[in-house]
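Below is one structure, written out as structure tokens; comments come after it.
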Ligand code: HPA
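In my numbering, the protein residues as written are 2 to 281.
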């Protein structure tokens, strides 16, 4: 069922943007949606016109797919995502990611706003995701497996593509954006963490915490997409500072940091056709 909806959605994408075969799918997190407006020759398709796509309910998530070119590459940008805490299940997320693959993408670039679990990493910093801890208590692959899409027990070793991470390091250095890699912990939400939970996540070895991104990574790896991603730090984790931790603050802080993320993402896309010392 998911597969056929994804094929239908991919056909709609091709119909709206003839001649543009997206190579990189990009999912923009809270407060980061403006990056899609930079796409050249952009065609925007509301999710409501894409069979099986999610209809996000959260402020800061527009709910449209933008086809165009960023950093010279044909991209399909999801402006708005669904979160596990919305309670609608993972079907729409699976359909959307499978549709991006069916439309031509072989890389999925994930972005999100996140809280920092390290005092020295403050708001505005970009953390390239090196690995994740799934604290959602569920997994988007729960349920029958479609072996035409991927294996029942997919590996998540190197889920966050090492070669793509190297490229992000190189581009960051070139652009003068401090490079930092870390582990992203996905927390279900929608309540923010307690100070005790933040202390626990620090002990577990996570650098950032948020309420998204991990399901997308798992679905994408399952169907064979390469995955890269960056978390934009909008606040120190609850209890690590006296600063506010709320959704309005997240949106404002993410918009302020979006310029660096946009430069990094554009540079990354620009470089994709450059050989990477023998690594694809
Ligand atoms: N916790 C969870 N999700 C978030 C945070 C946070 O501190 N900041 C932005 N998204």
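Glycine is no exception: its CB is placed at the ideal position from the N, C-alpha and C atoms.
From a predicted model like this one, the values you see are computed outputs, not experimental measurements.
Would you mind listing the alpha helix (DSSP H) stretches within the segment 66 to 114 that are 4+ residues and don't spill past its ends, in chain order?
92 to 104
Whose C-alpha, out of 262, 256 and 269, is nearest the C-alpha of residue 31?
Position 30 of the chain shown, counting from 1, holds the residue named residue 31. If we check each option's Cα against that of residue 31, 256 comes out closest.
Between 43, 64, 84 and 65, which lies nearest to residue 71 when the distance is taken from Cα to Cα?
Position 70 of the chain shown, counted from the start, is the residue given in the question as residue 71. The residue with the shortest Cα to Cα distance from residue 71 is 43.
Please determine, among 96, 200, 41 and 14, the residue with the shortest C-alpha to C-alpha distance to residue 217.
Position 216 of the chain shown, counting from 1, holds the residue named residue 217. Checked all of 96, 200, 41 and 14; the closest Cα to residue 217 is 96.
First and last residue of the uninterrupted alpha helix (DSSP H) at residue 174
As a first step, residue 174 must be located in the chain shown, where it is residue number 173. Element bounds for residue 174: 163 to 176.
Measuring only the C-alpha atoms, how far is residue 91 from residue 98?
Counted from its first residue, the chain shown places residue 91 at position 90. Counted from its first residue, the chain shown places residue 98 at position 97. Computed Cα separation, rounded: 11 Å.
What is the rounded straight-line gap between the Cα of residue 74 and the Cα of residue 197?
Here residue 74 corresponds to residue number 73 of the chain shown, with the count starting at 1. Here residue 197 corresponds to residue number 196 of the chain shown, with the count starting at 1. Each residue's alpha carbon lies about 43 Å from the other.
Check whether the Cβ of residue 260 lies closer than 7 Å to any heavy atom of the ligand HPA, and answer yes or no.
The count along the chain shown starts at 1 and reaches residue 260 at position 259. Incorrect: residue 260 has no Cβ contact closer than 7 Å to the ligand HPA.
Could you tell me the alpha carbon to alpha carbon distance between residue 211 and residue 118, rounded to whole angstroms?
What you label residue 211 is simply residue 210 of the chain shown in a count that begins at 1. What you label residue 118 is simply residue 117 of the chain shown in a count that begins at 1. Answer to the nearest angstrom: the Cα atoms are 11 Å apart.
Cα-Cα separation between residue 258 and residue 239, rounded to whole angstroms:
Stepping through the chain shown from its first residue, residue 258 is reached at position 257. Stepping through the chain shown from its first residue, residue 239 is reached at position 238. So the two alpha carbons sit approximately 20 Å from each other.
From this set, 183, 272, 27 and 174, which residue's C-alpha is nearest residue 109's C-alpha?
As a position in the chain shown, residue 109 is number 108, starting the count at 1. Ranking 183, 272, 27 and 174 by Cα distance to residue 109 puts 27 first.
Integer Cβ distance of residue 89 from residue 14, believed to fall under 8 Å
Translated into the one-based positions of the chain shown, residue 89 becomes position 88. Translated into the one-based positions of the chain shown, residue 14 becomes position 13. With a Cβ gap of about 22 Å, residue 89 and residue 14 do not count as contacting.
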